[in-house]
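Trainee: Got a structure here, written out as structure tokens. Questions coming.
There are 2 protein chains.
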Amino acid sequence: MSTPTSDDVRAAAATLDGIAHRTPVLTSRTLDEETGCEILLKAENLQRAGAFKFRGAFTALTALPAGTPVVAFSSGNHAQAVALAARLLGRRATIVMPQDSPAAKLAATRGYGAEVVTYDRYTGNRVAIAERIATEQGAALVPPFDDPAIIAGQGTAALELFEQVGELDLLFVPCGGGGLLSGTLLSAGTLAPGCQVFGVEPEAGDDVRRSLAAGEPVQIEVPRTIADGAQTTRVGEQTFPIIRDQVSGILAASDEQLVAEMRFLAAYLKIIVEPTGCLGLAAAREHARDLAGFAGRPRVGVILSGGNIDLARFAELVA
Amino acid sequence: MSTPTSDDVRAAAATLDGIAHRTPVLTSRTLDEETGCEILLKAENLQRAGAFKFRGAFTALTALPAGTPVVAFSSGNHAQAVALAARLLGRRATIVMPQDSPAAKLAATRGYGAEVVTYDRYTGNRVAIAERIATEQGAALVPPFDDPAIIAGQGTAALELFEQVGELDLLFVPCGGGGLLSGTLLSAGTLAPGCQVFGVEPEAGDDVRRSLAAGEPVQIEVPRTIADGAQTTRVGEQTFPIIRDQVSGILAASDEQLVAEMRFLAAYLKIIVEPTGCLGLAAAREHARDLAGFAGRPRVGVILSGGNIDLARFAELVA
Chain S
1 MSTPTSDDVR
11 AAAATLDGIA
21 HRTPVLTSRT
31 LDEETGCEIL
41 LKAENLQRAG
51 AFKFRGAFTA
61 LTALPAGTPV
71 VAFSSGNHAQ
81 AVALAARLLG
91 RRATIVMPQD
101 SPAAKLAATR
111 GYGAEVVTYD
121 RYTGNRVAIA
131 ERIATEQGAA
141 LVPPFDDPAI
151 IAGQGTAALE
161 LFEQVGELDL
171 LFVPCGGGGL
181 LSGTLLSAGT
191 LAPGCQVFGV
201 EPEAGDDVRR
211 SLAAGEPVQI
221 EVPRTIADGA
231 QTTRVGEQTF
241 PIIRDQVSGI
251 LAASDEQLVA
261 EMRFLAAYLK
271 IIVEPTGCLG
281 LAAAREHARD
291 LAGFAGRPRV
301 GVILSGGNID
311 LARFAELVA
Chain Y
320 MSTPTSDDVR
330 AAAATLDGIA
340 HRTPVLTSRT
350 LDEETGCEIL
360 LKAENLQRAG
370 AFKFRGAFTA
380 LTALPAGTPV
390 VAFSSGNHAQ
400 AVALAARLLG
410 RRATIVMPQD
420 SPAAKLAATR
430 GYGAEVVTYD
440 RYTGNRVAIA
450 ERIATEQGAA
460 LVPPFDDPAI
470 IAGQGTAALE
480 LFEQVGELDL
490 LFVPCGGGGL
500 LSGTLLSAGT
510 LAPGCQVFGV
520 EPEAGDDVRR
530 SLAAGEPVQI
540 EVPRTIADGA
550 QTTRVGEQTF
560 PIIRDQVSGI
570 LAASDEQLVA
580 EMRFLAAYLK
590 IIVEPTGCLG
600 LAAAREHARD
610 LAGFAGRPRV
620 GVILSGGNID
630 LARFAELVA
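Read top to bottom, the protein sequences are chains S and Y. With our numbering, the residue at position 279 of the first sequence is 279, and numbering never jumps. Each number in our numbering corresponds to the 1-based position in the second sequence with 319 added.
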């Protein structure tokens, strides 16, 4: 697989059938009244391992020769997604994580049967560690976003959404390294050509917007934001051209907006969504009505990308 | 309608079609591993107005002559359910609530367009107030559980569950006044005759268990429990005979068990369930394996009945 296409997304959907959850689409009359839109929330926080990341990880692992051990570096949702996918496929998995990762995340990753190798985030080199493991074990490195199989797998969330709800006018998608956004664009391109797709970054980490302006991937410092799933410092080499050619625009949301949406989703929808998972909703609330550019009530899709947040931290943010 | 039957549940399902949410059935591999069962969670916390109560309230209101104003007394999920159902049907609704109800609940009920009449819970008589309003307005009193249309409406949650997942060995249902439990029994009786249905009360408020032992409804003091949706002091005259004749057993769960399940559901399923809503899961975790009485892995349904809890309180309990 080189540049992924919508056919690859369809193939990934077949691979994931009966393995990934077909997550529900949730709605709220209050949200519709507040926004003047019909908002359809694709609840990937209810996905296995708590985020859309499982879709890409499982797809990527099935694309490898049977039995290949895998290695990944991540302190977030990708770690757990790769660990779970490996367990389901009977593969050995090693996850390289910062020594000071929250105990809950270390435990969850080990709980899925992965071996965890820790490193000092100030002095260690996670890439070098992962490469050493890959060499020693003959393991394949599973990248978090910049990979055709990962992109195709992430695209299955939007594919399902279109199957579940039909046509949309607008679709808002969280954007870090661009895996979910580029996969979504592949799905929308063939299934919903009339749908405008927007990526949403944290305000503090608007590297994709700046990359589009520059015409090439721009590197930024690690952004200061509570959206830890979108703290990437550079969009992918493979995700960027898809985004550049097909996205309708890149928007941003502030941490304050993300907390407000976490509260709203908890109070009205009774679901727990992590800060990064609220990027799409925050932008939809602020911009959907104007972007639709017509008098009627636009049909607006939003991908709630994940729900992995420490409960104490969640309590602190929403209470 | 006198004694409700499974046909009434089917009729209620037709009434609710396209109006109540067809709530998703959620699963967790971790939960299955921990319990040795296949657990299927009917997520009525994701129902409109945040609880199964909307099913019964809407069904009851459509059973009244068109345009009839309604009155109800409740400080909980029934208040919001009646208010929302009335708004959808263009009816005038008055809800009698304690003066010291949480501001959020008063606001939510008013937010659905209902008029709220408050009373002093120590000196006031809510029944007398409701009856005065009924007389003045020609309004119908909508009881929280002891009513054939309410029972039939609540039964639609289990009917949907059986449609969604097929046969079950066991089903665990929260039990306060018995509306949800009796409706569930009507559904199970025809759709799933092989399924054992258990009601689950708070340990401190085991009036239904005692009523079954006594052969008639037993009155208890207001039980001290965090399961505020099951603080009823007496099972219904109409719900009791259905429960007596068809239930496989009544179990109980402690407040500690309910908090543990709230934490589990938040951490693993990413959903917010109120304490009462966790009664079924707590009992399933403790008893399902033994009650199944066979070597294989039983298929176990659980109704998560609601998700209405103040966010600050939720944060305090789970953090």
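For glycine and all other residues, C-beta sits at the position ideal for the given N, C-alpha and C.
Opposite S:GLY97 in the DSSP bridges: which residues?
Mentor: Checking the displayed sequence, the identity of residue 97 of chain S turns out to be Met instead of Gly. DSSP output for S:MET97 lists S:THR118 as bridge partner(s).
Trainee: Helix, strand or coil for S:PRO275, going by three-state DSSP, please let me know.
Mentor: S:PRO275 falls in the helix class under three-state DSSP.
Trainee: Can you tell me which residues form a DSSP beta bridge with S:LEU250?
Mentor: In the sequence on display, residue 250 of chain S carries Ile and not Leu. Answer is S:GLY199.
Trainee: Can you find a C-beta in chain Y that's less than 7 Å from the C-beta of S:ALA292?
Mentor: No - not a single Cβ of chain Y is within 7 Å of the one on S:ALA292.
Trainee: So the candidates are S:ILE243, S:GLU115 and S:ALA12; which of them puts its Cα closest to the Cα of S:GLY215?
Mentor: Among S:ILE243, S:GLU115 and S:ALA12, the Cα nearest to that of S:GLY215 is on S:ILE243.
Trainee: Is the Cβ of S:ALA204 closer than 7 Å to any Cβ of chain Y?
Mentor: For S:ALA204, the answer is no, since every Cβ of chain Y falls outside 7 Å of its Cβ.
Trainee: Which residues mark the beginning and the end of the alpha helix (DSSP H) in which S:GLU261 is found?
Mentor: Segment 255-264, the alpha helix (DSSP H) holding S:GLU261.
Trainee: Can you pull the chain Y residues whose beta carbon is under 8 Å from the beta carbon of S:LYS330, in chain order?
Mentor: This structure gives no information on residue 330 of chain S, because the portion of chain S shown stretches from 1 to 319.
Trainee: State the beta-bridge partners of S:LEU41 as determined by DSSP.
Mentor: DSSP lists S:LEU26 and S:VAL302 as partners of S:LEU41.
Trainee: Starting from S:ILE250, find everything on chain Y with Cβ-Cβ shorter than 7 Å and list it in chain order.
Mentor: Result: empty, since nearest Cβ-Cβ is about 27 Å, beyond 7 Å.
Trainee: Quick one: does S:PRO102 have its CB under 7 Å from some CB of chain Y?
Mentor: So, not an interface residue.
Trainee: CB-CB under 6 Å to Y:GLY596, same chain, minus the five flanking residues each way: which ones, in chain order?
Mentor: Contacts found: ASN364, LEU623, SER624 and GLY625.
Trainee: Please go through the region 144-188 of chain S and give each complete beta strand (DSSP E) segment of 3 or more residues, from N-terminal end onward.
Mentor: Within the region 144-188 of chain S, the complete beta strand (DSSP E) runs of at least 3 residues are 170-174.
Trainee: Here's the rule I'm using: 16 or more other beta-carbon atoms within 10 Å means buried, otherwise exposed. How should Y:GLN538 be labelled?
Mentor: Its Cβ having fewer than 16 others within 10 Å, Y:GLN538 is exposed.
Trainee: Rounded to whole angstroms, what's the CA-CA distance from Y:GLU479 to Y:VAL492? Just pull it up for me.
Mentor: Computed Cα separation, rounded: 14 Å.
Trainee: Helix, strand or coil for S:LEU89? Go by DSSP, reduced to three states.
Mentor: It is coil, neither helix nor strand.
Trainee: To the nearest angstrom, report how far apart S:ARG263 and Y:ASN396 are at their CA atoms.
Mentor: Those two C-alpha atoms are separated by around 20 Å.
Trainee: Against S:LEU318, what residues of chain Y qualify as contacts under a CB-to-CB distance less than 9 Å, listed in chain order?
Mentor: Going by the sequence as given, residue 318 of chain S is Val instead of Leu. Chain Y residues near S:VAL318: LEU630, ALA631, PHE633 and ALA634.
Trainee: How about Y:PRO536 and Y:VAL554: are their beta carbons less than 7 Å apart?
Mentor: Yes, they are a contact pair.
Trainee: Does Y:ASN364 get closer than 7 Å to chain S when you measure Cβ to Cβ?
Mentor: So yes, Y:ASN364 belongs to the interface.
Trainee: Give me, in chain order, the residues of the same chain whose beta-carbon lies closer than 8 Å to that of Y:ALA453; leave out the 5 immediate sequence neighbours on both sides.
Mentor: Excluding residues within five positions, the ones whose Cβ falls inside 8 Å are VAL390, ALA459 and LEU460.
Trainee: So what does DSSP say about Y:VAL554, is it helix, strand or coil?
Mentor: DSSP places Y:VAL554 in coil when its eight states are reduced to three.
Trainee: What's the gap between the Cα of S:GLU35 and the Cα of Y:GLN418?
Mentor: The sequence given here places Thr at residue 35 of chain S; Glu does not occur at that position. For S:THR35 and Y:GLN418, the distance between alpha carbons rounds to 32 Å.
Trainee: Below 8 Å on C-beta distance, what does S:LEU61 contact in chain Y?
Mentor: Within 8 Å Cβ-Cβ: nothing; S:LEU61 doesn't reach chain Y, min ~17 Å.
Trainee: Put S:PHE314 into one of helix, strand or coil per three-state DSSP.
Mentor: Note: S:PHE314 maps to helix in three-state DSSP.
Trainee: Where does Y:VAL401 land, buried or exposed, given buried means 16+ other C-beta within 10 angstroms?
Mentor: Under this definition Y:VAL401 is a buried residue.
Trainee: Could you tell me whether the region 266-286 of chain S touches the region 325-334 of chain Y, using the rule of 3 or more Cβ pairs below 8 Å?
Mentor: No: fewer than three Cβ pairs fall under 8 Å.
Trainee: Which residues of the region 343-354 of chain Y have a Cβ closer than 7 Å to any Cβ of chain S? Give them in chain order.
Mentor: Answer set for the region 343-354 of chain Y: PRO343 and LEU345.
Trainee: Counting only beta-carbon separations shorter than 7 Å, does Y:ILE261 have a partner in chain S?
Mentor: This structure gives no information on residue 261 of chain Y, because the portion of chain Y shown stretches from 320 to 638.
Trainee: So which residues on chain Y does S:ALA266 lean against when the C-beta distance must stay under 8 Å?
Mentor: Going along chain Y in sequence order, the residues near S:ALA266 (Cβ under 8 Å) are ILE591, LEU630 and PHE633.
Trainee: Does S:GLY277 get closer than 7 Å to chain Y when you measure Cβ to Cβ?
Mentor: So no, S:GLY277 is outside the interface.
Trainee: Kindly say whether Y:GLY395, judged by its beta-carbon, lies nearer than 7 Å to any beta-carbon of chain S.
Mentor: With 7 Å as the cut-off, Y:GLY395 does not count as an interface residue toward chain S.
Trainee: Name, please, each residue of chain S whose Cβ falls closer than 8 Å to the Cβ of Y:ARG582.
Mentor: In chain order: LEU311.
Trainee: Report the residue from S:VAL165, S:THR239, S:ASP147 and S:ILE226 whose alpha carbon sits nearest the alpha carbon of S:LEU185.
Mentor: Here the closest residue by C-alpha is S:THR239.
Trainee: Can you tell me whether S:GLY166 is buried or exposed? The criterion is at least 16 other CB atoms within 10 Å of its CB, across all chains shown.
Mentor: S:GLY166 comes out exposed.
Trainee: If I'm right that S:ALA51 touches S:LEU26 with Cβ under 8 Å, what's the distance once you round it to whole angstroms?
Mentor: About 16 Å separates the two Cβ atoms, so there is no contact after all.
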